[in-house]
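Scroll down for the structure; my scribbles are underneath it.
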Amino acid sequence: MKKLYLTAFLNILGHVLFAQGIYIKGGHLSLLGLFDLQVKGNFILDGGSFHNGGQLDLSGNLVNNSTTGIANIGKIRFVGNTPQSISGTAPFLAQYAVIDNTAGITLNTEFRVEDYIIFGEGLIHAQSAFSPLVFSENALSYNAKPESYVNGFVMKEGIGPFRFPVGSSTAFQPIKVDITENSNGLLTKYYEGDAGAATFGTTGTSPIALEAYNNQEYWDINPVGTAKGKITLTWDQHNNPSITPSIYFTVLSIAHKTSEGWLNEGSAKRIFGDPDFDNSLSYGNVEGGSLSNWGIFTLGSIPEAALPVTLVAFSGRKQETSSLLEWSTAEEEKSSHFQVERSIDTKNFEKIGKVDATGGSIVATKYSFIDDTFSQQPGVVYYRLKTVDVDGSFAFSKVISLRNTSSYIDRSIYPNPANRRNGVVVRNTGKSGQISVVDMLGRTIITPVEHLSDGNTKLDLSDFTSGMYLIKINADSRVNVQTLLVE
C-alpha cells in the first residue's frame, strides 16, 4: 500500500505551505512552481518519489532511499538552526541548493547539484569519498567563503575552470583547477598536516628541483577515471610556514608528491599577483603546467639561484595622459628581455611592449616603460611583467594597477543574486543607453527598450523564474554583459 505522511500540513497565503515533517513511502508528492514548502522536521523519501518544482525549505534531516535519475527544477534550502544531515541508500539530486545553517550539514550519502549551489552560512561536512558534494558538468559554486564552504570531499564533473570550495573544519582553503579532460569526475579534499617527506625530483612540468615544501597543509586531487588540467594554488597566512630563505616570492611554486618524490609543477605559467593585495611570501597564487597525473599538491619553493631574474621592485604612476612603469632587479643570469603586458579585467593580458635585459648582472639594474595609450583605457588598468630567459623559460611579476579617472565608468548590478520580489538595480555613471535581459537559452526576456539613464535604473523581476540571466548594457558604443542570478 502506498503511503504518504504529512504531519501538521497547512496552507498560508496561498503559496506558502508548512509541515512538521514529511514521510513518503511508495507514494508521490509534487510541489508546484509557485509554492514554497517549509518543513520544520525531517523529510524522508522511502521508495516513493518527490517532484520539486518550487522551493523546499528544510530545517530537519533529509533521508533519500529512492533512486532518482534526474534532478527536479526547483530549489532546496537548508535553513535549520541545529546540525542537519543528508543520508540514505541513494544519492540526492538537486537543481539548485542553498546552504543557510550556521550549525552545518553533514553528508552521509552523495549530494549532487545540477545547476548551482549558494553558500550562505555554515559548512558542509563530507568526510567520506563515497558521500561527496558533486557538481555536475554545468553546475556552479557561488559565494563560498570562510563562513560557508565544504569541509571534506568535492567532486567536479565536466571541463572548464572550477574553484573547489574546500577547507578544513576551521579554515577555508579553496583550490582552482582548469580542467581540459575529465572522464568521470575530479575528486578533491583539503588536509591540514604533513603529506610526508620525500626526495626532490626533476621530472615535473618544470625540471628545476624544489628545495622545500609546505609541511602544514596539502590538497589531494584525484580523478575517478582520467583527467587533464592546470592547478592554481593560493597561499595565505593559514598554515604557511617559512619554506624559503629568499625574500622573493617568485621562488614559490607548486609541489606535487608522486612515487618519484616531490616534483615541481610550476613551470608552464607562473602567476604572481592579485589586484586586491600586494603579493608577498604571505599571500599570492601560482599556476602550474598541464597535468595528467594527479595526487597530493601543496606550496613548494625552488632555490633563488634558479631564477633567471631577481625582481626586487615593480611600480607605476600616471603622467598626464600616459603611465610610467618602473622596475629594478638585484641580479640577472641569462635573462633575455621583459615583456610588458596590460589588462582591463585581470584575466586577459595583451603585450604592449618589450624591454631588453642586460643579460647578466650582479648589481642593481633599473628599467622603465611608458604606456602612451593609458588615457584611452577604461577604468582600472592592470600591468604585469613577463621576465623571459634566453632558453625561453619565463615567470610573471605581481600585478599592479592604475586607475584612469578620466574614463572610469561604473556600470554594475546589485544585489546579485537578486530575488523576484525586490528586483535588481543597474547603476550607471556614464552616458545613457539601453538595457536588455537574455536567459541562458538565448531568449530575450526584456527587449532593449528599457532606458538606462545616469544614475540607478530598477528592473522588475516579478515575472522571472529562478536561474541565470545575462544583463546587456549598450552605451557609449560598447556592450557590457553581466551575469545575474535570480533566486
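Residue numbering for the sequence shown follows numbering that gives the first Met the number 0, beginning at 0 and increasing consecutively. Note that CB positions come from ideal geometry on N, CA and C, so glycine has one too. Note that the coordinates shown come from a computational prediction; the quantities given were computed from them, not determined experimentally.
With H, G and I counted as helix, E and B as strand and the rest as coil, what does DSSP make of residue i?
| i | result |
| --- | --- |
| Thr328 | strand |
| Ser147 | strand |
| Val250 | helix |
| Gln126 | coil |
| Ser374 | helix |
| Ala305 | helix |
| Thr357 | coil |
| Gly87 | coil |
| Leu310 | strand |
| Lys268 | Here the model assigns Lys268 a pLDDT of 40, short of 50, so the residue's position is not dependable and the matter cannot be decided. |
| Asp177 | strand |
| Ala363 | coil |
| Ile470 | strand |
| Asn183 | coil |
| His237 | coil |
| Arg402 | strand |
| Pro131 | coil |
| Val424 | strand |
| Val15 | strand |
| Ile444 | strand |
| Val38 | strand |
Could you tell me if residue i is buried or exposed, where buried requires 16 or more neighbouring beta carbons within 10 angstroms of its beta carbon?
| i | result |
| --- | --- |
| Met154 | buried |
| Gln236 | exposed |
| Ile369 | exposed |
| Phe271 | Here Phe271 scores only 39 on pLDDT, less than 50, and its place in the model should not be relied on; the value that follows carries that caveat. Buried, because 16 or more other Cβ atoms sit within 10 Å of the Cβ of Phe271. |
| Asp275 | Residue confidence for Asp275 is low, a pLDDT of 35 falling below 50, so the modelled location carries little weight; the figure read from the coordinates is stated next. Exposed is the call here. |
| Glu319 | exposed |
| Arg269 | Confidence is the limiting factor: at Arg269 the pLDDT is only 41, short of 50, which leaves the residue's position unreliable, though a coordinate-based value still follows. Result: buried. |
| Lys529 | Nothing can be reported for residue 529: it is not among the residues displayed for the chain, which extend from 0 to 486. |
| Asn278 | Low per-residue confidence applies at Asn278: pLDDT is 47, beneath 50, and the placement is therefore not dependable enough to give any value. |
| Asp114 | buried |
| Tyr407 | Caution applies to Tyr407, whose pLDDT of 48 falls short of 50 and renders its modelled position unreliable; the model cannot decide the point. |
| Glu349 | exposed |
| Asn238 | buried |
| Ala138 | buried |
| Ser392 | buried |
| Gly287 | buried |
Looking only at C-alpha atoms, which of the options sits nearest to residue i?
| i | options | result |
| --- | --- | --- |
| His124 | Ala96, Leu139, Tyr95 and Ser84 | Ser84 |
| Arg442 | Gln433, Pro416, Phe395 and Lys471 | Lys471 |
| Ala170 | Pro160, Ala143 and Gly184 | Ala143 |
| Ser58 | Asp45, Ala93, Phe34 and Gly20 | Gly20 |
| Asn51 | Gly87, Gly359 and Ala96 | Ala96 |
| Ile104 | Ile72, Val62, Asp114 and Thr456 | Val62 |
| Lys188 | Ser167, Asp177 and Ala197 | Ser167 |
| Gly378 | Ala363, Arg402, Asn415 and Asp355 | Arg402 |
| Val38 | Gly283, Leu55, Ser322 and Gly228 | Leu55 |
| Gly315 | Ser367, Ala226, Phe161 and Ile220 | Ser367 |
| Ala329 | Ala312, Glu340, Thr345 and Arg341 | Ala312 |
| Pro222 | Leu290, Asn80 and Trp261 | Leu290 |
| Gly31 | Thr404, Gly53 and Phe373 | In the sequence on display, residue 31 carries Leu and not Gly. It is Gly53 whose Cα lies nearest to the Cα of Leu31. |
| Ala18 | Ala196, Gly40 and Thr345 | Gly40 |
| Phe248 | Thr233, Glu146, Gly25 and Lys24 | Thr233 |
| Gly195 | Ile207, Glu109, Asn213 and Leu458 | Asn213 |
Taking the beta strand (DSSP E) that residue i belongs to, which residues open and close that run?
| i | result |
| --- | --- |
| Ile116 | Phe110 to Glu120 |
| Asn63 | Leu61 to Asn63 |
| Asp45 | Note, Asp45: premise wrong, no beta strand (DSSP E); not H, not E. |
| Ile230 | Ala226 to Trp234 |
| Ser289 | Neither: Ser289 is in no beta strand (DSSP E) and is coded neither H nor E. |
| Leu33 | Here Leu33 belongs to no beta strand (DSSP E), and DSSP marks it neither H nor E. |
| Gln433 | Gly432 to Asp438 |
| Ser342 | Ser334 to Ser342 |
| Val78 | Where Val78 is concerned, there is no enclosing beta strand (DSSP E), given that its DSSP letter is neither H nor E. |
| Gly25 | Neither: Gly25 is in no beta strand (DSSP E) and is coded neither H nor E. |
| Tyr381 | Val379 to Asp388 |
| Tyr141 | Leu139 to Tyr141 |
Should residue i be listed as close to the ligand PLP, given that the test is whether its C-beta is under 7 Å from any heavy atom?
| i | result |
| --- | --- |
| Lys229 | Ligands in the displayed structure: none, and consequently the ligand PLP is not present. |
Just to confirm, are residue i and residue j a CB contact at a threshold of 8 Å?
| i | j | result |
| --- | --- | --- |
| Glu156 | Glu180 | no |
| Leu209 | Asn263 | yes |
| Ser434 | Val423 | For the sequence presented, residue 434 should be read as Ile rather than Ser. Their beta carbons are not under 8 Å apart, which means Ile434 does not touch Val423 by this criterion. |
| Asn107 | Ser130 | yes |
| Phe163 | Ile178 | no |
| Ser321 | Asp371 | yes |
| Glu331 | Ala305 | no |
| Leu92 | Arg76 | no |
| Gln338 | Lys353 | yes |
| Ser65 | Leu44 | yes |
| Gly224 | Asn284 | no |
| Ile343 | Trp293 | no |
| Ile242 | Ser300 | yes |
| Ser461 | Arg419 | yes |
Would you say residue i reaches chain D, if we count a Cβ-Cβ gap shorter than 8 Å as a contact?
| i | result |
| --- | --- |
| Leu306 | This model lacks chain D altogether, as it is built from one protein chain only. |
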